[in-house]
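A.B. asks:
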Amino acid sequence: EAALRKWIEVHAYCRILYGDDSVEVARALFHLATSYLRLHRIELAVTRFHEAAQKADDAGPAGLPHKPVMWEGVAVCFTKLGKYPEAQEALDQAFQAAAFAGVEVSPSLLVAKAELLCSQEKFEQGLEALISALEKSTDPGQQSRIKSGLCKIRISQINVLQRMHNDLQPTLSYARKVKSDFTDISSLDSSQLVKLRRLNDDIAEMSAKQEKLLAAMRNAASNVVEWLYGLPG
């Protein structure tokens, strides 16, 4: 709340000192929006981020480098509100603004992209965005947060894979039990032999699925160990 009050005052002073169509006013609005976001007042935050982007636009060439992070803020807000099409549109604006201003895409913008993708359960694409963010980042604190995000995604995937593995087990166990009842193959007629072959195929298919799921879990766990502890998986 103290930071919020401070930026409300700064915004007012910037309007007096520099005029409404200034970079200073745009930056003050950005920090004001960030304060609202940290207080979880998302609707107010997205309004202020929009205003900040508009003021940066009004400021002309001086405002261009500031527009990507302002549209990034809009995207973060819409993601938190579950408004994914609006979040994607804001992200597109942020990437376009970066290209137009000739500035490099920031790690935080890639993190915002990853958050949107993961919110839509597009985990692999989210991981790619976070890995790109990690490669770009030079700030140890930010790197630590990105690695934490990477681990959370992989752990979520491990849980999903574990459930899928467990869901297969009762069916596979029953199929193996049924197969064990065929003790004397020589006594089976042709229709029973066809059923047995199909049963064997089903058991092989389910076993292969379980092996793939286990391999995927091991790979994900290896990533977690590498990102969390800096050890090779």
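The opening position of the sequence shown corresponds to residue 224 in this note's numbering, with each subsequent residue numbered one higher. Here a beta-carbon is modelled for each residue, glycine too, at the ideal position from N, C-alpha and C.
Quick check on Met-440: does DSSP put it in helix, strand or coil?
C.D. replies: Taking the sequence shown and counting its residues from 1, one reaches residue 440 at position 217. Here Met-440 sits in helix by DSSP.
A.B. asks: Taking the alpha carbon of Leu-227 as the point to measure from, which residue in Phe-405, His-263 and Met-387 has its own alpha carbon closest?
C.D. replies: By one-based count along the sequence shown, residue 227 stands at place 4. Per the Cα distances, His-263.
A.B. asks: Which one of Pro-284, Thr-394 and Ser-342 has the shortest CA to CA distance from Gly-305?
C.D. replies: The count along the sequence shown starts at 1 and reaches residue 305 at position 82. Comparing Cα positions, the closest option is Ser-342.
A.B. asks: Under a three-way DSSP split, which group does Thr-302 fall into?
C.D. replies: Along the sequence shown, read from residue 1 onward, the residue named residue 302 stands at position 79. DSSP places Thr-302 in helix when its eight states are reduced to three.
A.B. asks: Should Arg-261 be labelled buried (16 or more other beta-carbon atoms within 10 Å of its own) or exposed?
C.D. replies: Numbered from 1 along the sequence shown, position 38 holds the residue referred to as residue 261. Classification of Arg-261: exposed, given that the 10 Å Cβ count is below 16.
A.B. asks: Taking the alpha carbon of Leu-332 as the reference point, which residue from Lys-345, Ile-354, Glu-344 and His-388 has its own alpha carbon closest?
C.D. replies: As a position in the sequence shown, residue 332 is number 109, starting the count at 1. Answer by Cα proximity: Ile-354.
A.B. asks: What span of residues does the alpha helix (DSSP H) with Ser-403 cover, start to end?
C.D. replies: Taking the sequence shown and counting its residues from 1, one reaches residue 403 at position 180. Per DSSP, Ser-403 belongs to the alpha helix (DSSP H) from 363-403.
A.B. asks: So what's Val-448 in DSSP terms, helix, strand or just coil?
C.D. replies: Against the sequence shown, residue 448 aligns to sequence position 225. Looking at Val-448 - three-state DSSP - the assignment turns out to be helix.
A.B. asks: By the DSSP assignment, the alpha helix (DSSP H) with Thr-270 in it spans what residues?
C.D. replies: Locating residue 270 in the sequence shown gives position 47, where the first residue counts as 1. From DSSP, the alpha helix (DSSP H) with Thr-270 extends over 265-281.
A.B. asks: Rounding to the nearest angstrom, what Cα-Cα distance links Glu-338 and Val-328 in this structure?
C.D. replies: Reading the sequence shown from its first residue, position 115 is the one you call residue 338. Reading the sequence shown from its first residue, position 105 is the one you call residue 328. Rounded to the nearest angstrom, the two C-alpha atoms are 16 Å apart.
A.B. asks: CA-CA distance, Arg-386 and Asp-424?
C.D. replies: Within the sequence shown, residue 386 is the residue found at index 163, counting from 1. Within the sequence shown, residue 424 is the residue found at index 201, counting from 1. When rounded, the distance between both Cα atoms is 23 Å.
A.B. asks: Is there contact here, the region 347-367 with the region 393-406, by at least three beta-carbon pairs under 8 Å?
C.D. replies: Segments in contact, no.
A.B. asks: Using only the heavy atoms of the ligand COA, determine whether one of them is closer than 8 Å to the beta carbon of Glu-347.
C.D. replies: The ligand content of the structure shown is nil, which means the ligand COA is not present either.
A.B. asks: Which of the three DSSP states, helix, strand or coil, is assigned to Leu-411?
C.D. replies: Stepping through the sequence shown from its first residue, residue 411 is reached at position 188. Here Leu-411 sits in coil by DSSP.
A.B. asks: Which residue wins for smallest C-alpha separation from Trp-450, given the options Ala-313, Leu-340, Ile-265 and Glu-358?
C.D. replies: Against the sequence shown, residue 450 aligns to sequence position 227. For Trp-450, the nearest C-alpha among the options comes from Glu-358.
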